[in-house]
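Heads up, the thing below is written out as structure tokens.
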Amino acid sequence: MTVSSTYEVGGPSTAAIEGPSFPLPALGLPVPPIVIEDLSTRLSNLEYRHGVLIRKMEEVSDAEVADSIAIEEIHPRVATVREQVQVMESQAGQVFRTRATKMESHMGILMLYMLWMEERLTVLEKRLPRPPPGPQ
465 MTVSSTYEVG GPSTAAIEGP SFPLPALGLP VPPIVIEDLS TRLSNLEYRH
515 GVLIRKMEEV SDAEVADSIA IEEIHPRVAT VREQVQVMES QAGQVFRTRA
565 TKMESHMGIL MLYMLWMEER LTVLEKRLPR PPPGPQ
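Position one of the sequence shown corresponds to residue 465 (the numbering used here), numbered consecutively onward.
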């Protein structure tokens, strides 16, 4: 059921009641107790239904406000997360560059040791005595 803030003349809220109308006595005539009870019951029912309608409207209004707030909060949250991601990317990039520099440094040192070991091996090989020539 939708609640409209404007109504058309002849629409559901202003349409003439069809069927027999409730017979009200003329002024000065006694009103039977059953009529008073019936009117009281109808009025109570209308008041109850009005209260239910008001609560539903408040719930819908609260839900719309909550949705609106949630939607309005999305952009700042996205911006915050974007900033955090950029910081993390920057930090990860810096860590990677630092590790790559260390690896290059270690590789340079290892290359120097390998060259030194090759030179030492060559020197040691030259010092080894040669086996005597003979039958093999």
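Positions of the beta carbon are idealized from the N, C-alpha and C atoms, including for glycine.
| task | Go to Leu592, then tell me how far its alpha helix (DSSP H) extends in each direction, as first and last residue. | result | Unbroken run through Leu592: none, as it is neither H nor E.
| field | Pro494 versus Tyr512 - alpha carbon distance | value | Roughly 28 Å separates the two Cα atoms.
| said: Can you tell me whether Leu510 is helix, strand or coil according to DSSP? | reply: Note: Leu510 maps to helix in three-state DSSP.
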